[in-house]
Amino acid sequence: MTITSDTELRAELSRRALLRNGVALGALGLFGPALLTRGARAAAADGEVLTGSHWGAFRAKVEGGRMVSVKPWEKDPAPSHQLAGVLDSVYSPTRIKYPMVRRAWLEKGPGASPETRGTDDFVRVTWDQAIDLVAKELVRIEKTYGPTGTFAGSYGWKSPGRLHNCQNLLRRMMNLKGNFVNSSGDYSTGAAQIIMPHVVGTLEMYEQQTVWPVVVDKTQLMVFWGCDPMVTNQISWTIGDHGGYEGMKALKAKGTKVICIDPVRTETCDYFGAEWIAPQPQTDLALMLGIAHTLVVEKLHDEKFLKDYTTGFDKFLPYLMGETDKTPKSAEWAAAICEIPADKIKELARAFAKNRTMLAAGWSLQRQHHGEQRHWMLVTLASMLGQIGLPGGGFGFSYHYANGGAPAADAPALTGITDGGKAKEGAAWMTEAGAATIPCARVVDMLMNPGQDFDFNGKKAKYPDVKMAYWVGGNPFVHHQDRNRQVKAFQKLETFVVQDFQWTPTARFADIVLPATTSYERNDIESVGDYAGSAILAMKKVIDPVYESKTDYDIFAAISEKLGKGKEFTEGKSELEWIRSFYEAALTQAKAKKYAMPEFDAFWNGTGVVEFPVTEGKSFIRHGKFREDPLLNPLGTPSGKIEIFSKNIEKMGYDDCPPHPTWMEPVERVGGPTTKYKLHIATSHPKSRLHSQLCGTKLRESYAVAGHEPCLINTADAKARGIADGDVVRVFNDRGQILAGAIVTDKIRPGVVRVNEGGWYDPAEGGKPGTLCRWGDVNVLTVDMGTSKLGQGNCGHTAVGEVEKYGGPAVTVGAFVAPKGAA
Amino acid sequence: MTALRRCDDRTAADGRPPLPAGLDAVAFDWLAALFARPPGAAAVAAHHAEPLAGLLADLAADPDLAAPIAALRAATGGEADAAAIRIAVAHGRLFDGLAGPETVPPHESAHVGDGRLFGPAVADMERLIATHDLGIADELREPADHVAIELAVLAHLTRLDHPDRVALAERLAAWVPAFARACAAHDRAGFHAAAARIAAILIERGPRDHTSSRDETNDEKRRTR
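Quick mapping for you: the protein sequence lines, in order, are chains D and G. With the first sequence counted from 1, adding 26 to any position gets you our numbering. With the second sequence counted from 1, adding 853 to any position gets you our numbering.
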């Protein structure tokens, strides 16, 4: 070996030292601390832990501190197949591992290069740095832009649990910080929950239905209108009890006649062998009017019920019969719009009147332009049938949701951590916090039009000028409409903070990303069954937090501490002390009412679940008391009765929400006067997800078609477009384009395609408007406008478009793209 | 300048000459560090100065490693700050979940069995690490089947010339080639694809158990997916 210079000698010696001593690269001091340490750790525990989720309660098996399998709670009458996905989600490859900050934001400050949001350029930071950045930014925004500078309305389905209610925790911290813009309502019943108080004096949408045992006993004709309870009852806002499946099983065994009104022959329809009536989407109101008109013409409507229990029918009737606008809403008129033959419409009217009929309507009906009209007209129709408040008759709006209609147990109410705002009258979860509030689905309108007036439920307000948003427990870049418009709008924010456990499409568009734990990496407590309330369950921690994730409570406590409000946030309580306090508040109630319930320690350290019996709950009839005595038990409306005509709404003078149920052309519909597209795009709830939750898991493999979100398309429509079963298709309209995998079937009527909501937005070029979504996020195609000035709900079911076989370069994930020059 | 060589009675599985003594351990440690955390600008620049440049030169003497070493040099070349940024972004997209469905988990569990992370491989590696009185550094919050940890343990066992290194090399040989192929498909910066390829080749070069053929072992593992 020849050495020719000192430099070379030094280099050679250094290299040999590296080799000979096996010196780890730590000696170079460039690659960070050593990966391995001396000294073995104690082995982690084995065991089985009972806990719960939106999909139901389950037992998780733990080996060496790892969750290895889950099995449904043995008391669950109808466990959801999605539990396998729950396990996958905990160990998803898309778990957010550490706090991360968008590079441009970190290096150049808030608002820098907003067009790079969504391009995955993030830098890892420590928790201390992240908390510091978030706290400083919250204070700066409020100082600079005032009380409405930050939006913390943060809508989403998060996880169950009364302590780690991440949205309450966010607003609890924000209330201590100062002010923020809040949001009201939800994407589920946005329009209906605003109109129903005007019509029946109560929220209605989340209240107990006439229970299943009564329906099974007395209902002669069950009508599922725009809902698919066999699919949607898998999930609950709290821990799913699945009592609705017991009800449906009993109904099927009884042999009751079932009709399903839906553009798709749903799983519910197949389960019951029901009669399938398939109107064109967005025309259900016309169908209802046609039925109502027939009732009047054939003198089948219940005039006594209308007189005793409703007001305003006399003002609605002239509209129905065509006296006001020269257009009788006859079955023939309706048939031309909804494409159900007039004879069938008349047949339905007669069947509804002749039988004890339960009209079980879903919420898809009102997630459309003018959505308020549907449930208003449904209640009007039910009033004309005169069976409201009778056993097994009338209407119900939650048979499809969280197992509404499952008999309620005699159970105490379980409270949870509050956001510190004043409680509002109405539903227990509503508080009045925030310097300003917007209807939740108007978030993009707010960003696009700061300072502009907007109407909402009889009031006028101005959209605030929001510069920062903090989102937790939600995925607006999947649940909100018109994705391309949204991408542009969110680029106006100076700072976007997202806290979640997975790299959702929303997290990828953020500036600061904070890793939260799943429910299974922390302790909590929750009730089982939104309507049934059949048990209180200890959601015990299954495994320690993975990577650097922290619980939502710890994250918000840390931010509060940084803001000097740590003590106010925690009230000096630990996680378990909070949980104990909720349980003991319920226990106090239980003792007063003589419900059997153990002390907390026996509960938490024992079985971890306390069940409550059903007594009176199994004979509950919705509006039964009102029917018995409308004077003694009036509704909460101005008249005390069902308002078919509302003077309050008349005073508002809204052009898009007249004072009685009215057919109006939506902004776009197949067959409508201004619509060029030939296909309606239905966006109903998926079978193997909860909206977007669990999209990133193995469950996807059970339904993906050619690697994409499935698109149901009628055989005739497919044939006309040269599309075969299994083809990759492009679904598009003027708002955007997505890829999907075709399922050619006659389970969907012609003129309609269906791509389920909740598919993760996967832009080919993140941040670029109009870019193709590779997975099939249908909200790229939907309309982003309020249902009307009254409800300002979302229009997730208003979308028309076209479908063609996709001919571009393969983008199916899973197929390897040719590497660029890699070895 | 010729690298030091010593006569070695170990032979690589495919009959090629073994690496110079100690070089494989250093290489495994170096690769482990690259996969554990994205290298900063100083670490990136260090690849073009001694002693790392010499390490790369020695590795590149092997014909199979020449191309990936060249690719790695290219990926770390130019302005160090800019290269470090490119590599960090690629690291996030490939390994930290940012790229959603295009994530390539750097964990054994993802590439064997049913593919769910935190699988039985974690328990196996935890046992192995404990047996050798080792632990995983607190700051590295990864399960024990992370490629960086498996490579670091392999480096440790190789330095000790411990018999357990053979089984561990077999374990890595069963999944790192697939991991390398996935990196090649999704890596936009070229750095991790090259590093993974180098790791795959070095693992196959190292001392192996010849009582069962590698192909049989891999076929068996493939069938259990």
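From the three backbone atoms N, C-alpha and C, an ideal C-beta is built for every residue, glycine too.
Test item: CB-CB of Gly252(D) and Asp328(D) under 8 Å
no
Looking at Ala276(D): is its Cβ nearer than 8 Å to the Cβ of Pro438(D)?
No, Cβ-Cβ distance for Ala276(D) and Pro438(D) is not below 8 Å.
CB Asp986(G) to CB Gly65(D), shorter than 8 Å?
yes
Using beta-carbon positions only, say whether Val470(D) and Asp810(D) come within less than 8 Å of one another.
yes
Among Ala69(D), Tyr427(D), Leu113(D), which one has its Cα closest to the Cα of Ala83(D)?
Leu113(D)
Taking 8 Å as the threshold (beta carbon to beta carbon), is Ile989(G) in contact with chain D?
Ile989(G) has a beta carbon lying within less than 8 Å of a beta carbon in chain D.
Beta-carbon of Thr850(D) versus every beta-carbon of chain G: anything under 8 Å?
In this structure chain D extends from 27 to 849, so residue 850(D) is not present and cannot be described.
So what's Ala564(D) in DSSP terms, helix, strand or just coil?
strand
Between the C-alpha atoms of Lys162(D) and Trp529(D), what's the straight-line distance to the nearest angstrom?
24 Å
C-beta contact flag for Gly953(G) and Lys123(D) at 8 Å:
no
Starting from Pro916(G), find everything on chain D with Cβ-Cβ shorter than 9 Å and list it in chain order.
By Cβ distance, chain D contributes nothing, its closest Cβ being about 12 Å from Pro916(G), past 9 Å.
Looking at C-alpha atoms only, which residue of Lys514(D), Gly812(D), Cys466(D), Leu189(D) is the closest neighbour of Ser209(D)?
Cys466(D)
Simplified DSSP assignment, three categories, for Thr879(D)
Absent from the model: residue 879(D). The displayed extent of chain D is 27 to 849, so no value can be given.
Interface flag, Phe881(G) vs chain D, CB-CB below 8 Å:
no
Three-state secondary structure assigned by DSSP to Val241(D)
helix
With C-beta atoms as the reference, is Ile220(D) less than 8 Å away from Ile303(D)?
no
Residue range of the alpha helix (DSSP H) that Pro502(D) falls in?
502–505
According to DSSP, simplified to helix, strand and coil, what is Phe758(D)?
strand
Can you confirm whether the segment 214–232 of chain D touches the segment 343–354 of chain D when touching is taken to mean that 3 or more C-beta pairs between the two stretches lie within less than 8 Å?
In short, these stretches do not touch, since the Cβ pair count stays below three.
Simplified DSSP state of Ala98(D), which is helix, strand or coil:
Strictly speaking, residue 98(D) in this sequence is Pro, with Ala absent from that position. DSSP places Pro98(D) in strand when its eight states are reduced to three.
Contacting residues, own chain, Cβ-Cβ under 7 Å from Leu196(D) (five flanking each side not counted)
Ala178, Ser180, Tyr496, Val498, Phe582
Coarse secondary structure for Phe646(D), derived from DSSP in three states:
coil
Quick one: which chain D residues come within Cβ less than 8 Å of Phe1032(G)?
Per Cβ cutoff of 8 Å: no residues; Phe1032(G) is ~12 Å from chain D at best.
Would Trp786(D) and Gly722(D) be called neighbours here (beta carbons separated by less than 8 Å)?
Yes, the Cβ-Cβ distance between Trp786(D) and Gly722(D) is below 8 Å.
If you check the beta carbons only, do Arg548(D) and His190(D) fall under 8 Å apart?
yes
Let me know the secondary structure DSSP gives Ala766(D) once reduced to three states.
If DSSP states are grouped into helix, strand and coil, Ala766(D) belongs with the strands.
Mind checking if Arg715(D) is an interface residue toward chain G, Cβ cutoff 8 Å exclusive?
no
For a contact meaning CB atoms closer than 7 Å, what does Tyr117(D) contact in chain C?
Looking for chain C here will not work: the only protein chains present are D and G.
Would you say Glu979(G) lies against chain D (beta-carbon separation less than 8 Å)?
yes
Counted within 10 angstroms of its Cβ, other Cβ atoms place Phe638(D) as buried (16 or more) or exposed:
The residue in question, Phe638(D), is buried, as its Cβ has 16 or more Cβ neighbours within 10 Å.
Where does Asn208(D) sit, in a helix, a strand or coil, going by DSSP?
strand
Residue range of the unbroken beta strand (DSSP E) whose run includes Lys831(D)
826–831
Under the assumption that Glu168(D) contacts Gly137(D) (Cβ atoms under 8 Å), give the Cβ distance between them as a whole number of angstroms.
The Cβ separation is near 16 Å, so there is no contact.
Continuous beta strand (DSSP E) stretch holding Gly666(D): start and end
Segment: none, Gly666(D) is in no beta strand (DSSP E) and carries neither H nor E.
Can the beta-carbon of Met575(D) be found closer than 8 Å to that of Ser185(D)?
Here residue 575(D) turns out to be Ser, not Met, going by the sequence shown. Against a cut-off of 8 Å, the Cβ pair of Ser185(D) and Ser575(D) comes out as no contact.
So that I know if they touch, is there some Cβ in chain D lying closer than 8 Å to that of Thr956(G)?
Answer yes: the Cβ-Cβ gap between Thr956(G) and chain D drops below 8 Å somewhere.
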